[in-house]
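J.: The sequence shown maps to residues 12 to 118 in my numbering. Below you will find the structure I want to go over with you.
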Amino acid sequence: MSTLGLGSVEQIPVGEGRAFDVQGRQVAVFRLRDGRVRALSAVCPHRGGPIADGQIDGAVVLCPLHLNAFELDTGCSTTGQADLDSWAVTVDDGQLMIHPTPKERDR
Ligand code: FES
């Protein structure tokens, strides 16, 4: 399936995340300080916290409600929660492009 455009990357302040609807899924897209973008499920598996509002560093996002951590690259929880789905997302000519199907997990 081809990628979907989500609009300009400038919608997301550097170092933050924003939630988007991707074919009925709420997806949190993060704009890292080094220019990378990453996309994870926007709903925390712990108690439904808003992942897009979490603090990020180069490696993980912290859910704002109870600070469980999830790897930005994989969605894997580093604090023992269920994992988040992740999506392939890129920036092409300033536009966010996302593959509409979550990545397969390697296990
Ligand atoms: S709801 Fe996300 S850590 Fe509790």
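Here a beta-carbon is modelled for each residue, glycine too, at the ideal position from N, C-alpha and C.
1. With DSSP as the reference, label residue 22 as helix, strand or coil.
2. Under three-state DSSP, which class holds residue 63?
3. With a threshold of 8 angstroms, are at least 3 pairs of Cβ atoms found where one atom belongs to the segment 78 to 93 and the other to the segment 103 to 110?
4. Within its chain, find whatever has a CB closer than 7 angstroms to the CB of residue 97; leave out the 5 residues flanking it on each side and keep chain order.
5. Less than 6 angstroms separating the Cβ of residue 87 from some heavy atom of the ligand FES?
T.: Reading from the atomic positions:
1. helix
2. helix
3. no
4. 50, 51, 85, 86, 113, 114
5. no
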